Structures are given as structure tokens and as C-alpha cells.
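**Student:**
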């Protein structure tokens, strides 16, 4: 069994952003030399997500508005977590969008449907944060 | 390490439906000959889910109503994604229910609790769509 | 390829609770002797979750309140599933928080960011329920 590991770093300036990380993940897979297996891509922080969906800017704006409706940032005082912090909503948004994706590796490629793309979802930016890529297989 | 891959195709006539795909996934596992490992089952489309829950029609009606409350289909004009499309809500419903499940394979069987069943969740039907089954192990 | 399997049992007295199971999962990993691979931790019941987030009691209270807002327990009659049962809301809360986590194993350790902790999320307690830990690798 082969295994591969890499951290990808991101620094979102604002509070929230969606970043297409598919090219970086493909580079990791090529570096690994793994032809058949599974690839795990997960946020290493608990106020961020890794998820698979469409690379369409209108949809990303819809997601942002929708997540704000489900778990509003303000008033920050509505959350008990927000004592010296203001990111409780980010912990909730991340649960809706998910921590991780697991993708099949087939013949050395991400085994994707026609529109699948991997995103880093930042919900509490303003600092450097990491994504883990782990691949096992042969 | 052994590996196995299969696509399962579905054609839901209406917009939304939940289909129990456990029998098909079990067939894949039997075909693979894998006794110990992990099985990934994921929607290959970004307006559909694969999830594990109960095969109970009342619950499925509850899920449908609940998802409509969280991310209503109408008015379609409320979503920026809906320019020449009307499926933005489906992209949201899929995030709540999830893209994929990873299930343990033990002694050649899906290692399940008493009520676990795997479902394909369609949120934007009317055309043929796929689920990927990938198994690795020995 | 090595593989390892263990069930962890929990008996939450009340209806809902979040339990940090990271120490138990670490014990499993040490027992397995696996140095590089993937670990799957999943609820074996469909009204419970396994998820990764922060071990902070204020946040857990926020989660509980938020999940009650998204999928209220009462009135139980609002759900078709609740015929002789009262746990439809638990099936929804579990979908928001997720069934499972997949974690990378690197050099014999859970490959975690600074605040990641694994939780069992009970949404319909009062009886014994199980979590499955499955590890594959070498």
C-alpha cells in the first residue's frame, strides 16, 4: 500500500470565501503516483469546510446568503460560544457544508462526475488555515 | 490491495425522490470479493445525495418537507444561480443530506447497525444520473 | 494491508448529549498498530452522529439550540414518522451533524489540526447505542 500526505495553506482576507482547490488536489494525486485508492481532503480547522459542488459564482453567493439565514453571524451575543470570540456561526456553517470529502482514485485520476469540483469553504478568515490531503492505495 | 469500481444509474421521473440502493451496493461488494476494507458510495452529480438513514416512508416525507423549509424551491428567482436553471435549491438540499457515505467492510459484509440503509437522494430529477461505488481492501 | 474494528458503546440518559470520544478512538488506533492509513468512525444508529468540532461547552449549547431551531422536537405530531415514535427530529439533526468522520492516520497518530476533537452526538438517548471504529492501512 502506498500513502501520501500534504497540507495546503490558505489565507482568506475577509470572513468568508469559497476557493476551488481541485487543481491543487490533482497535483497531490499526480505527485503520489497512486493509481487506485481513496483520497481524503479535510479542513484541519473547525470553522472551515471542504465540500464538492459547482464552480459557479451565483451559486456561491446563494450558499453564502443561505448559510447566513440558517446560522446568522449577528447578533454575536446570541451564541454562548462568543465569549472573547465572534465565530460561533462559523462552527455551524461548517457542519452544514461538511468537514471533508472522500473521493475515489481510478486509473490515477479523481473519479468525478461531470461538474464535481472540490472547494475550501472559509467561514472565519483573516488568518492562515490548512487543508489536509491524504491518499492511500497502490 | 484489491479495488473495485461500479457506476449505478438512476432516472427519477419527478423532481425529488429517495431510493434505497442497499441491495445494489451489496451486489457490488459481493462481486468485488473484498472481505476487509472501506466502501465509498457517492453521488456523481452535485444536485443529488447519498446518505444513510431509515427506510420508512413517513420519515422520507418528513425529510422532503423539512428540506423544502430549509431551502425552498420557489420562488426560483430568489437564487442567483437560477439563470436559465431552476435547481439552486437542489444544490443546498444536497449539502444538508451529504454527497457520500463511507462504510466499513467486515468479513465481506457492509458493517451496519440494525437500521442503516443507503439511499440515493434525488433533488433535481428528470434525467439519468449516476452513483459511484468504489471499494478498496483485501 | 492491516485492518482493525471495534465497537464503542454509549448510554446517554437524557435525550441529547455530545460526548468527546477522541481518547477512545486514540486507544483503538494504538491497539491497531497501524501507522499510515484511514480511520472511519461512524454512528451505527440513525438518530446519532459522529462529527469533529470543538470541545467547548458554550458551543455545544449553541449547537443544541440551533438544531432545535432547524428541526424542533415538538410538536411531535408535525412529523409523519412519529407514529408510535417521537424521534423524527433526531433523524434530521443527525443529517445536519453527519453520520461519520474519516480521519487520516499518519505516523501512528490521528492527523488532526489544532482543535479537532471527535464527538458522539446523541439525539434520541435513553438506551445503549454504538459507534463503529474501522481502521485500514499498514
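Chains as they are written, first to last, in my numbering: chain A, 1453 to 1590; chain B, 1453 to 1590; chain C, 1453 to 1590.
The C-beta atom is built at its ideal place from N, Cα and C for all residues, glycine as well.
This one's a predicted model, so the numbers in the text were calculated from it and none came from an experiment.
#1: Measure the C-alpha to C-alpha separation of residue 1566 of chain A and residue 1535 of chain A and round it to an integer number of angstroms.
#2: Would you mind telling me which residues of chain E sit closer than 7 Å to residue 1510 of chain C, beta carbon to beta carbon, in chain order?
#3: Expressed to the nearest angstrom, what Euclidean distance is found between the alpha-carbon atoms of residue 1465 of chain A and residue 1586 of chain A?
#4: Let me see if you follow: with CB-CB separation under 8 Å, is residue 1522 of chain A close to chain B or not?
#5: Would you call the CB atoms of residue 1457 of chain A and residue 1540 of chain C closer than 8 Å?
#6: Since I believe residue 1544 of chain B is in contact with residue 1589 of chain A (beta carbons under 8 Å), could you give me their beta-carbon distance rounded to a whole number of angstroms?
#7: Check this for me: beta carbons of residue 1553 of chain A and residue 1551 of chain B, under 8 Å apart or not?
#8: Quick check on this structure: which residue in C:1530, C:1462 and C:1516 has the alpha carbon closest to the alpha carbon of residue 1532 of chain A?
#9: State the Cα-Cα distance for the pair residue 1473 of chain C and residue 1512 of chain B, rounded to the nearest angstrom.
#10: Quick check on the DSSP output: what are the complete alpha helix (DSSP H) runs of length 4 or more inside the stretch 1540-1589 of chain C, in order along the chain?
#11: How would you list, in chain order, the residues of chain A whose beta-carbon sits under 7 Å from the beta-carbon of residue 1547 of chain C?
#12: Taking residue 1482 of chain A as part of the alpha helix (DSSP H), name the residues at either end of that continuous run.
#13: Do you know offhand how far residue 1530 of chain B's Cα is from residue 1476 of chain C's?
#14: Nearest CA to the CA of residue 1559 of chain A: which residue from A:1524, A:1522, A:1481 and A:1497?
#15: So what does DSSP say about residue 1459 of chain A, is it helix, strand or coil?
#16: Taking 8 Å as the CB-CB limit, is residue 1498 of chain B close to chain A?
#17: DSSP state of residue 1508 of chain A, grouped into three classes?
#18: Tell me which residues share the same chain as residue 1459 of chain B and place their Cβ nearer than 8 Å to its Cβ, disregarding the 5 neighbours each side in the sequence.
#19: Name, please, each residue of chain C whose Cβ falls closer than 8 Å to the Cβ of residue 1556 of chain B.
#20: At which residues does the beta strand (DSSP E) containing residue 1491 of chain C begin and terminate?
**Tutor:** Reading off the structure:
#1: Taking the first chain and counting its residues from 1, the one referred to as residue 1566 of chain A is at position 114. Taking the first chain and counting its residues from 1, the one referred to as residue 1535 of chain A is at position 83. Computed Cα separation, rounded: 44 Å.
#2: As a matter of chain content, chain E is missing from the structure shown, whose protein chains are A, B and C.
#3: In the first chain, counting from the first residue as 1, residue 1465 of chain A sits at position 13. In the first chain, counting from the first residue as 1, residue 1586 of chain A sits at position 134. Their backbone Cα atoms lie some 26 Å apart in a straight line.
#4: On the first chain, residue 1522 of chain A is found 70 positions in, with the first residue counted as 1. Yes, residue 1522 of chain A counts as interfacial toward chain B.
#5: Stepping through the first chain from its first residue, residue 1457 of chain A is reached at position 5. Stepping through the third chain from its first residue, residue 1540 of chain C is reached at position 88. No, these two residues do not count as a Cβ contact at 8 Å.
#6: Counted from its first residue, the first chain places residue 1589 of chain A at position 137. Counted from its first residue, the second chain places residue 1544 of chain B at position 92. That belief does not hold up - the Cβ atoms of residue 1589 of chain A and residue 1544 of chain B are roughly 32 Å apart, past 8 Å.
#7: What you label residue 1553 of chain A is simply residue 101 of the first chain in a count that begins at 1. What you label residue 1551 of chain B is simply residue 99 of the second chain in a count that begins at 1. Contact flag set, yes.
#8: The sequence position of residue 1532 of chain A within the first chain is 80, counting from 1. Checking every option, the nearest Cα to that of residue 1532 of chain A belongs to C:1516.
#9: Along the third chain, one-based indexing puts residue 1473 of chain C at 21. Along the second chain, one-based indexing puts residue 1512 of chain B at 60. In this model, residue 1473 of chain C and residue 1512 of chain B are separated by some 30 Å (Cα to Cα).
#10: Listed in chain order, they are 1540-1549.
#11: Within the third chain, the letter at position 95 stands for residue 1547 of chain C. Those do not exist, as residue 1547 of chain C stays about 10 Å from chain A at its closest Cβ, beyond 7 Å.
#12: Taking the first chain and counting its residues from 1, the one referred to as residue 1482 of chain A is at position 30. Residue 1482 of chain A -> alpha helix (DSSP H) spans 1474-1484.
#13: Counting from 1 along the second chain, the entry for residue 1530 of chain B is found at position 78. Counting from 1 along the third chain, the entry for residue 1476 of chain C is found at position 24. Answer to the nearest angstrom: the Cα atoms are 46 Å apart.
#14: Position 107 of the first chain holds residue 1559 of chain A. Looking at the Cα atoms, A:1481 is the closest of the given residues.
#15: Along the first chain, read from residue 1 onward, the residue named residue 1459 of chain A stands at position 7. Note: residue 1459 of chain A maps to strand in three-state DSSP.
#16: Here the question's residue 1498 of chain B lines up with position 46 in the second chain. True, the Cβ-Cβ gap to chain A drops below 8 Å.
#17: Counting from one through the first chain, the residue named residue 1508 of chain A turns up at place 56. Reduced to three states, the DSSP call for residue 1508 of chain A is coil.
#18: One-based indexing of the second chain puts residue 1459 of chain B at position 7. Excluding positions up to five away in sequence, the list reads 1496, 1582, 1583, 1584 and 1585.
#19: As a working mapping, residue 1556 of chain B is identified with position 104 in the second chain. Around residue 1556 of chain B, the beta-carbon contacts reaching into chain C at under 8 Å are 1457, 1492, 1494, 1584 and 1586.
#20: On the third chain, position 39 is the one that residue 1491 of chain C refers to. 1489-1495 is the span of the beta strand (DSSP E), which, as asked, contains residue 1491 of chain C.
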